[in-house]
Amino acid sequence: MTQDPDRIRRFASDYVDAWNSGRPERVAACFAEEGGIIINRGEPWQGRGRVAEMAAGFYADVAEMTVFCDDLRIAGDHVAFLWTFTGRHTGTGRALDVKGWEEWDLGPGGTIRASLGWYDAADYARQVAGG
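Counting from 3, one number per residue, gives the positions in the sequence shown under our numbering.
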């Protein structure tokens, strides 16, 4: 299904706003009711409740989290959402500057049906440790 690129850009902006709200339920609302995300080939977070748990985990680990949209690549209903998040690790207090992306399949309502998320976990661990 082809979606309007301008609508997708607005959705991406809303997604950033949801993450920057600090409210897991706002992040989850960007997903279809049964939508989900898999991060770095990990376990799936399926359904809005589980997506909210995933977001809550990030908020627990990263104080003062701010998410930025670095770029979008749109191909019909498939979108590459390139992002950066900054903040401080809650355990070590170290500054974080993490880059990654999500590959979205959007549903007819314009919400995320499926997302594959990627970031360099080794780089994240180095930043947390201060290396």
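Ideal Cβ positions, reconstructed from N, Cα and C, are used throughout, including at glycine.
With contact counted as at least three CB pairs below 8 Å, one residue from each stretch, are the segment 30-48 and the segment 104-122 in contact? yes
Burial state of residue 65, where buried means 16 or more other Cβ atoms lie within 10 Å: Walking along the sequence shown from the start, residue 65 turns up at place 63. Exposed: under 16 other Cβ atoms inside 10 Å.
Considering only residues of the same chain and omitting the five flanking positions on each side of residue 87, which have a CB-CB separation below 6 Å? As a working note, residue 87 is residue 85 in the sequence shown. These residues qualify, in order along the chain: 67, 69, 100.
Can you name the residues that DSSP bridges to residue 59? The sequence position of residue 59 within the sequence shown is 57, counting from 1. Per DSSP, none; premise fails for residue 59.
For residue 79, name the three-state secondary structure that DSSP assigns. Along the sequence shown, read from residue 1 onward, the residue named residue 79 stands at position 77. In this structure, residue 79 counts as coil in the three-state DSSP scheme.
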